[in-house]
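The listed protein sequences correspond, in order, to chains A, B, C and D.
Heads up: the first sequence runs through residues 1 to 203, numbered per full-length UniProt numbering.
Heads up: the second sequence runs through residues 1 to 203, numbered per full-length UniProt numbering.
Heads up: the third sequence runs through residues 1 to 203, numbered per full-length UniProt numbering.
Heads up: the fourth sequence runs through residues 1 to 203, numbered per full-length UniProt numbering.
Number of protein chains: 4
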Amino acid sequence: MSKSETTRQKILETTAWLIGHYGIERSSLSMIANSVGIQKPSIYYYFSSKEELVDAVFAWILEGYSFEQYFPINSYTKENFVEKIISDGLQLLIEESTDTQMLVVQVLNEFLLYGSRESSHNKEYRLKIKAVQEGFIDGFIVLLQKGVEFRLTDSKGLREKASILALTLDNLSNYPMIGIQLDVAAVWRQTITSVVSNEGKFI
Amino acid sequence: MSKSETTRQKILETTAWLIGHYGIERSSLSMIANSVGIQKPSIYYYFSSKEELVDAVFAWILEGYSFEQYFPINSYTKENFVEKIISDGLQLLIEESTDTQMLVVQVLNEFLLYGSRESSHNKEYRLKIKAVQEGFIDGFIVLLQKGVEFRLTDSKGLREKASILALTLDNLSNYPMIGIQLDVAAVWRQTITSVVSNEGKFI
Amino acid sequence: MSKSETTRQKILETTAWLIGHYGIERSSLSMIANSVGIQKPSIYYYFSSKEELVDAVFAWILEGYSFEQYFPINSYTKENFVEKIISDGLQLLIEESTDTQMLVVQVLNEFLLYGSRESSHNKEYRLKIKAVQEGFIDGFIVLLQKGVEFRLTDSKGLREKASILALTLDNLSNYPMIGIQLDVAAVWRQTITSVVSNEGKFI
Amino acid sequence: MSKSETTRQKILETTAWLIGHYGIERSSLSMIANSVGIQKPSIYYYFSSKEELVDAVFAWILEGYSFEQYFPINSYTKENFVEKIISDGLQLLIEESTDTQMLVVQVLNEFLLYGSRESSHNKEYRLKIKAVQEGFIDGFIVLLQKGVEFRLTDSKGLREKASILALTLDNLSNYPMIGIQLDVAAVWRQTITSVVSNEGKFI
DNA sequence: AATGAATGAGGGTTCATTCAT
DNA sequence: GATGAATGAACCCTCATTCAT
């Protein structure tokens, strides 16, 4: 990696960390430059404005956060189906309790809130996060359809079931932020069990 | 209401609205004063600092957001049990799609994120929100215990079930913020059905 | 004393104390009102502006600070002359190490400095303090003339001798402010001895 | 001198001048910036806060104000002893009636008073000024000891004599501030004469 | 005799940004 | 590639003051 790219990357990572810890507005260019170990105007060599830097951070964070990454559809079989959903989900949830990934959640939430504010530009954030969330819902729909093919679950209310899975996953990853202690594994397992293997209970 | 109280209340409401729309840091005292129709220093007559004002807004928002308000435990009977949980929850969820209550969610999220940032004072926000969330979990536990008495649900994993209900409610109220269209009523109904009336499936 | 006078007096004393401890500019009307136990606008009932209040404090402080008060010329005799100058001076100096009087010195210094600043109005402070200081010099001249009559000192350089006494007194009362430990009594006695009983050494 | 140092120096000098004329609190950053011919935030490029700027001014002013600078002990001989003390002192006193040095006195007094106020940080000012004052006392003690060696003065009460010289010098330099006209030279000569050549009169 | 409510002016400070070097 | 120097705009906050009550 060239020196230039190294510095760019350092700025990106540092900014992400700072945003996760102090929020977007509180993460000033001074702080960022200071943390990276460069001078403030140097940032402008890589990013033409704070807005552009923040956008880049957002894109960089989002980049590695997709359904396919955590739930590789092709490796699901009739035999491993239920247990693999559980374990794949747990991996996401538990990975997130590591510092690195908890940062991602925090930063995404920051952007989610930031994007929900009154501002023409911010709408993009909301739209992109929406896309990711819908990506998870769509992913679960596809996954559940496999479950239907495997005759492990019935075909009614697939969209609602998928939504429940997506939002449960989302919220379980948010709970640590509030500080609530929860048996994440148990709750996730319980959710999968009742959603996937419910028989004709859906109205 | 005295003139003083009127102004104080106006400041409180305006600030809540602004925080919901622009966030805490972006809601400057100038904006607030401007929106209320007074001069900036006048705010200091009612609140000794921005921090105190923000605290007051937080307390005011939190004040009307408790489990008991939405799920009045005493009015649950064996006959109305399942349907009442569904309708009470829907009232919360649908009420929240009105502008007034959607503001509450937005503001609470703002505080939640604000509280998760590095700062000694902010910890209080997190703790108070945690208390509210735990209030919902505890409330659902009590409610589910009633369900057990009524022999409508079994007694295993009560805490996990309650957690699922609480976080589902939480997340369903957050979805509109992202802009995702969801058949909220269907999802909630589905969740209640699978959680309450699951038979021995919990591990 | 009527209630009105009592409050007025309380404001005066409190302001003097605050000026002594925090300086004129730092002693805000809020602080004063707070310390007195009244509301800010009430001060305006007694003093039409902060400037007028400060002036009143100045006059009140100056009022009890004159040469005659400490050195009653008429009670000086040939027999007690030297010892009485010493003891009268020491009374002023030692009295000043009590809290009450140390306040006076502090406040006067505050006004002295305040008065030396660029401002048309402040000139009055300087002039009045100058008058007091000259009052001490003139007083000592009269006193030393008595000494000449008593043939205890010679008549040369009376003005310079008087000046030395006045400024020594002044400075000795300032030293505690800096925090320098000094055997005040010894220095004052030494000064008197060398000034009053010097024989023909003055040029 | 680099551009940066020039500006820094200009800020320092301007601030000193303003403090001498208007006091520390009245010398606002707006005034300073205005006088220097720069914008307010530019000051922060050189000094991280007003406090730091004021500290720097204080250090800068104090820097050139020591006993040794005015009374070079090594150049005192038995022959020039008395006359040199007089002339060295007069140089300090007369130099101070120039605008430049009168500013120093004014500023030092400002800091002395500022330092005597209730505030944890200000204590340092008092301590440093105390150190300078004690430097003068100690310097005069050493000087008088030389006088003892030269058999020009006796060895009793050296500390008190030194104190008298130091405070006389101090006060003589303060008198112009009040506006009192005084034959400074005569008073200083008289003090030296009576202090140095007093014979066994000390008690 | 006193105050509740409000304000214009100005305080110190931080911000993102620019630009010559 | 990077920065030293500078700035306009905006920040939170405090001030002395006013005025109807």
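Every residue, glycine too, gets a C-beta built ideally from N, C-alpha and C.
Query: Partners in chain C for Gly179(D), counting only beta-carbon separations shorter than 8 Å; Result: Arg126, Leu127 and Lys130
Query: Meets three-Cβ-pair contact criterion under 8 Å: the segment 74-88 of chain D and the segment 33-51 of chain D; Result: no
Query: Beta carbon of Thr153(D) nearer than 8 Å to that of Leu167(C); Result: no
Query: Simplified DSSP state of Phe150(D), which is helix, strand or coil; Result: coil
Query: Chain A residues whose Cβ lies nearer than 7 Å to that of residue 271(B); Result: Because chain B in this structure spans residues 1 to 203, residue 271(B) falls outside the shown range and cannot be described.
Query: Runs of alpha helix (DSSP H) lying entirely within the segment 119-184 of chain D, each at least 4 residues, in chain order; Result: 123-149 and 158-178
Query: Opening and closing residue of the alpha helix (DSSP H) in which Gly89(D) lies; Result: Phe81 to Glu95
Query: Under 7 Å from the C-beta of Val187(C): neighbouring residues of chain D; Result: Glu160, Ser163 and Ile164
Query: Nearest-angstrom Cα separation, counted from Ile61(C) out to Phe111(C); Result: 10 Å
Query: Cβ neighbours of Tyr114(D) in the same chain (closer than 7 Å, five flanking residues each side left out); Result: Ile24, Asn122 and Tyr125
Query: Rounded straight-line distance, which links the Cα of His21(B) to that of Asp88(A); Result: 36 Å
Query: Where Leu158(C) falls, given that 16 or more other Cβ within 10 Å makes a residue buried; Result: buried
Query: Residue environment, Ala16(D), which counts as buried when at least 16 other CB atoms sit within 10 Å; Result: buried
Query: Under 8 Å between C-beta atoms of Gln190(B) and Glu160(A); Result: yes
Query: Residue span of the alpha helix (DSSP H) that contains Glu52(B), given as start and end; Result: Lys50 to Glu63
Query: Span separating the alpha-carbon of Phe202(A) from that of Met31(B); Result: Low confidence applies here, because Phe202(A) scores a pLDDT of 40, under 50, leaving its location unreliable and the question unanswered by this model.
Query: Beta carbon of Leu12(D) nearer than 8 Å to that of Val57(D); Result: yes
Query: Delimiting residues of the alpha helix (DSSP H) encompassing Gln39(B); Result: Run containing Gln39(B): none; DSSP gives neither H nor E here.
Query: Cβ pair Thr14(A), Ser48(A) closer than 8 Å; Result: no
Query: Local conformation of Thr6(C) per DSSP, three classes; Result: helix
Query: C-beta contact flag for Leu93(A) and Val184(A) at 8 Å; Result: yes
Query: Cα-Cα separation between Glu199(C) and Thr193(C), rounded to whole angstroms; Result: For Glu199(C), the predicted model reports a pLDDT of 48, less than 50, meaning its position is unreliable and no value from the coordinates is stated.
Query: Partner residues on chain D for His121(C), Cβ-Cβ distance less than 7 Å; Result: What His121(C) touches in chain D: nothing, since even the nearest Cβ is about 13 Å away.
Query: Interface flag, Ser75(B) vs chain A, CB-CB below 8 Å; Result: no
Query: Run of the alpha helix (DSSP H) containing Thr77(C), from where it starts to where it stops; Result: Note, Thr77(C): premise wrong, no alpha helix (DSSP H); not H, not E.
Query: For Glu25(B), the three-state DSSP class (helix, strand or coil); Result: coil
Query: First through last residue of the alpha helix (DSSP H) which encompasses Phe111(D); Result: Asp99 to Gly115
Query: Cβ-based neighbour list, Val148(B), same chain, cut-off 8 Å, excluding 5 preceding and 5 following; Result: Asp154, Ser155 and Leu158
Query: Through-space distance from Lys50(B) to Ser119(B), alpha-carbon basis; Result: 16 Å
Query: Chain C contact residues for Gln133(D), given Cβ-Cβ distances below 7 Å; Result: Ile178 and Ile180
Query: Reference Asn109(D), options Glu68(D), Thr7(D) and Ile178(D), closest by Cα; Result: Ile178(D)
Query: Pairwise C-alpha distance: Val82(A) and Asp138(A); Result: 18 Å
Query: Check: Glu13(B) C-beta below 7 Å from any heavy atom of the ligand SAH; Result: Absence of the ligand SAH from the depicted structure is noted, as is the absence of any ligand whatsoever, leaving it without description.
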